[in-house]
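Here is the structure we will look at.
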Amino acid sequence: MSMVSTGKDASITLFAGPSQDSCLFFPRQLTMAKKRVAIIGGGSSGLCAIKSCLDEGMEPVCFERTNDIGGLWRYEENPEEGRASIYKSVIINTSKEMMCFSDFPIPDDFPNYMHNSKIMEYFRTYAKHFDLLNYVRFKTSVCHVTRRPDFSTTGQWDVVTETDGKQESSIFDGILVCSGHHTYAHLPLHTFPGIEKFRGRYLHSREYKNPQEFSDKRVIVIGIGNSGGDLAVEISHTAKQVFLSTRRGAWILNRVGDEGYPMDIVLSTRLNAVLNKFLTTSMVNKWAEKRLNARFNHSHYGLQPTHRILNQHPTVNDDLPNRIISGRVLVKPNVREFTETAAIFEDGTKEDNIDAVVFATGYSFSFPFLESCVEVVNNQISLYKFVFPPHLEKPTLAFIGLVQPLGAIMPISELQCRWATRVFKGLNSLPSMSDMMADITQKKEEMVKRYVKSPRHTIQVDFVQYMDEIASLTGMTLI
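In numbering that gives the first Met the number 0, the protein residues as written are 0 to 478.
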């Protein structure tokens, strides 16, 4: 959505013509140079950032270090270092009605839950429809982003990029960081004594591509997030035995909800958002856990966590209970230590002749090209509404998609982009630094109080509430 200032708010510039009787009047905003915005990353957030800049009359330049768009959702056999890599079978956990951009619905003939190839098809169609690829510089890495000497008055940035070994420096009026949080594989080997002696193969889930490589093998999958659950199920179809190791268990949601509707459409409603304001956390936990245990009793399957359902980002998996009840996946506690050929678990049990260990232990994020501007410590970053650094003299740096929502990321990124570009233009303003810091502190305290301690629980947001929050900051109301 773009806005044009008219009437008494429009500034008018007088251009004298060749004679005293001829003159032209132009709105000053039409004669000013367009603001140049650097967009870092050509994934889903980067694409909608390009469009938002165009909608606001800005000049976007998107730097994508690979040769294609799509980011996380583009499957490749050999992905570049520093980019999350999906496995070939990945199906998204959010339905198409909830994940599409507001001005570009996903086609009717696409399935509700899409395979990664369909997601890429949607992104390509979106980019083509709005002519976005002309603004992307492929195979270009961002090396440094630094404030210019006159930043306190101009808000401008020096951006150094590299293409084919050649570096180039450019000046930009704004920066949108769209590289996401699935950046660097988190592989906590130091917490697994004896792994250095283990003779079998171990790998991060980022390196996993298909189950055939584990045929007739005894495999341990460590971690019960979405990737861990998916890989345990998929590998169990070819492996001799899969052991799913989890420190604290998990509540398992399925994609199909009441009467066959997508689960996120059932859960992410205005009614539920309103009810959550009036019901106690204990009441919501009790209701949700009762529904999940009605599908299958988590304690009978070795999955019952000690924490409540709202204390952890849920795991979505349709097939895990079936693989557990058929014995193809055995749930085990955390690994206490490894030997050359075995794993000893925290309950004292031991599994011998282990061939492979898959660490589905998530990702961490950092922004080395922005070291002088933001600091990331233990996967935590201080951003106002998870978007703006609070300490800059000029609000011309924003992070898009750096959240872990209980819902789809694409519409959230779209709203963040709209807000950020309007702030860049001066149409919206930010609170004082002290007010922003107070909001950041409050949100961190709320997350610490609500969630179990984990690197994945540092950027959590509730879908409807967060969308409303960002929309209100742009002056919009979501229906």
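The beta-carbon is built from N, C-alpha and C at its ideal position, and this holds for glycine as well.
Since we're looking at a predicted model, the values are computed, not measured.
- Judged by DSSP in its simplified three-state form, Leu414 adopts helix.
- Ser412 is classed as buried because its beta carbon has at least 16 other beta carbons within 10 Å across all chains shown.
- Nearest in C-alpha terms to Val60, of all of Lys216, Val135, Lys127, Phe277, is Val135.
- Its chain contains Ile85, Lys87, Asn115 as the residues whose beta carbon lies nearer than 7 Å to that of Tyr74, once the 5 sequence neighbours on both sides are disregarded; these appear in chain order.
- Here the alpha carbons of Lys289 and Ile323 stand approximately 20 Å from one another.
- Spanning the alpha carbons of Ile343 and Phe191 requires a straight line of approximately 10 Å.
- DSSP assignment within the region 241-302 yields the following whole alpha helix (DSSP H) runs of 4 residues or more, N-terminal first: 262-266, 269-277, 280-294.
- A distance of 9 Å or more separates the beta carbons of Phe364 and Val376.
- Scanning its chain for C-beta atoms nearer than 7 Å, with the 5 sequence neighbours on each side dropped, one finds around Ser94 the residues Asn111, Tyr112, Pro261, Asp263, Ile264, in chain order.
- For Cys47, the uninterrupted alpha helix (DSSP H) segment begins and ends at 43-54.
- Relative to the Cα of Phe462, the nearest Cα in the group Tyr207, Cys372, Ala272 belongs to Ala272.
- Within the same chain, Phe150, Ser151, Gly154 come within 8 Å of Glu392 by CB-CB distance, once the 5 residues on both sides are set aside.
- Take the alpha-carbon of Asn284 and the one of Leu319: they are about 22 Å apart.
- According to the DSSP assignment, Asp157 belongs to the beta strand (DSSP E) that extends over 156-162.
- Listed as beta-bridge partners of His114 by DSSP are Ile90.
- By the neighbour-count criterion, in which a residue is buried when 16 or more other Cβ atoms sit within 10 angstroms of its Cβ, Ile219 is buried.
- In this structure, Lys138 is the residue among Ala184, His181, Lys138, Phe387 with its C-alpha nearest to the C-alpha of Gly164.
- Below 8 Å, enough C-beta pairs join the region 35-49 and the region 125-133 to call them touching: three or more.
- For the pair Arg82 and Thr145, the CB atoms are not nearer than the 9 Å cut-off.
- One thing to note: Leu405 has its Cβ no nearer than 9 Å to the Cβ of Ile458.
- Bridge pairing for Phe171: Trp156 [DSSP].
- Exposure of His128 is indicated by the presence of fewer than 16 other C-beta atoms within 10 angstroms of its C-beta.
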